[in-house]
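Just so we're aligned: 310 in numbering that gives the first Met the number 0 is position 311 of the sequence shown, and the numbers increase by one with no gaps anywhere.
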Amino acid sequence: MMFSQSNQPKDLWQKLKKLNVTPEPDRSCSYPPAEELNNHYVSVPITDENAIQDAIESYRDVPPKVNEKFHFKHVLLEDLLKAMSTLKSNAKGTDGITAVMLKHCLIEISPAVLHIFNFSLQYGVYPDLWKIASVTPIPKMAGACDAKNFRPISILCTLSKLLEKIVHAQLVSYLISHNLFDPLQSGFRSGHSTTTALLKVIGDVRESAGRRKLSLLILFDFSNAFPSVHHELLLTKLQNLGLSDSSLAWMHSYLVNRQQFVNTGESISTLAQVLLGVPQGSVLGPLLYVLYVHDISSIFTKSRYHLYADDLQNYLEFYPEQWQEAIATANLEASKLVEYAKRHNLVLNNGTPILYSDTVKNLGVIIDKHLSWEPHAVQICKKGTVTFQPSTNASTG
């Protein structure tokens, strides 16, 4: 079969699926009851309320980073059409409307939609009906049937995503113009990716090697990060970034009083309150998380770091004879990170101790201590052999 040229990986995988090359999903495990799954998803704990309140008070004492306040701009028809053109998902939201349906009638209903959007932004009120999410559980791995093995995929109503896209564009424009993004955060930013994150870190390590220095790389992951975001702390940080009182009121309304239900295809749960986190399946959620941890640079005074969303790469260089001092420094930096996580209701590496290894998997790439890339190449070859075996058998059978 000939493959047409395409830059989209999904196009290739769709063609491979037709050849029965891609593995079939495991269906040996039945879903837990929808009510059990929903209770599991919304049961995100607050790890240390006192530490979080201390953090909130300390951030309130910090003067705003910029003098100019962020205010929402009046939404025009061109803003609405631009947002619609970038809406990719065609999943039916909780309002029963798909993107295709909306595209066919957006011009005709645009006066009403613009009125709702501008009213929402002007008065700081986000419609409660837009805060209801339909959650579909997806198995993370084969064989495990408990609730924690199912990843929640949230679907929100289509109109709400349009408004979020407009707000996202306005907020990002403000953040860029005032240089408020963490330059070492590669997640959910235009022009940044896992590739840019890896190139930055590996480039720094190679430069250190050129100076005859060793590098120590420590990989951290903020477990269940997006659902753990504390709303009051997030709003305090947004205030420090220069959001006006009216825009903060809208953000508060956007975050609170959210509900969700789980639909397994076999049963549907009742509605449950979502008390923490940025909305999953939303447009603004990833950006709000990035802003939630945008000041993490303040804790790394003796080492370097790079973030990709909730994955953190912490590293430092040292001469071989300084290895004991380097380990002590790494532990000190890690201790400060643990304290930062506690003050932000975040958990590092799911509480698992970090052990030394000659190879690590970082953002999908296996890195070895010699930067030879051999372990990564071997893994790719093995995966390719296993993946294409069905195709080979079919062609020779």
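For each residue, glycine too, the CB sits at the ideal point set by N, CA and C.
From a predicted model like this one, the values you see are computed outputs, not experimental measurements.
C-alpha gap between VAL171 and ILE137, whole angstroms: For VAL171 and ILE137, the distance between alpha carbons rounds to 31 Å.
DSSP state of ALA224 mapped onto helix, strand, coil: Correct three-state label for ALA224: helix.
Span separating the alpha-carbon of ASN178 from that of HIS293: Distance between the alpha carbons of ASN178 and HIS293 is about 12 Å.
Identified DSSP bridge partners for LEU354: Bridge pairing for LEU354: absent [DSSP].
DSSP state of PRO110 mapped onto helix, strand, coil: For PRO110, the three-state secondary structure derived from DSSP is helix.
CA-to-CA distance, LEU155 to LEU161, given in whole angstroms: One C-alpha to the other measures close to 11 Å.
Enclosing beta strand (DSSP E) for GLU367 [first to last residue]: It is worth fixing the name first, because residue 367 is Asp in this sequence and not Glu. First-last of the beta strand (DSSP E) with ASP367: 364-367.
ASN256 (DSSP reduced to helix, strand or coil): Here DSSP, grouped into helix, strand and coil, assigns ASN256 to coil.
For GLU107 and GLN406, the rounded distance between their alpha carbons: The displayed coordinates of the chain run from 0 to 396. Any statement about residue 406 would go beyond what the structure contains.
Residue span of the alpha helix (DSSP H) that contains SER172, given as start and end: Note, SER172: alpha helix (DSSP H), 157-176.
Contiguous alpha helix (DSSP H) assignments of at least 4 residues, all confined to the stretch 314-340: Along the length of the stretch 314-340, whole alpha helix (DSSP H) runs at least 4 residues long do not occur.
DSSP-derived helix/strand/coil call for PHE118: Residue state for PHE118 is assigned as helix, using DSSP reduced to three classes.
Cut-off 7 Å between Cβ atoms - residues of its own chain near LEU240, not counting five sequence neighbours on either side: These residues qualify, in order along the chain: LYS64, LEU179, LEU290.
LYS130 (DSSP reduced to helix, strand or coil): In the structure shown, LYS130 sits in a helix (DSSP, three-state: H, G or I).
Backbone CA spacing between ALA319 and ARG210 [nearest angstrom]: Rather than Ala, the amino acid found at residue 319 in this sequence is Pro. So the two alpha carbons sit approximately 12 Å from each other.
For MET1, the three-state DSSP class (helix, strand or coil): Note on MET1: pLDDT 48, under 50, position unreliable in the model; the coordinate value appears next. Assignment of MET1 by DSSP, reduced to helix, strand and coil, places it in the coil class.
Spatial neighbours of THR195 in its chain, beta-carbon cut-off 7 Å, leaving aside the 5 residues before and after: Around THR195: SER185.
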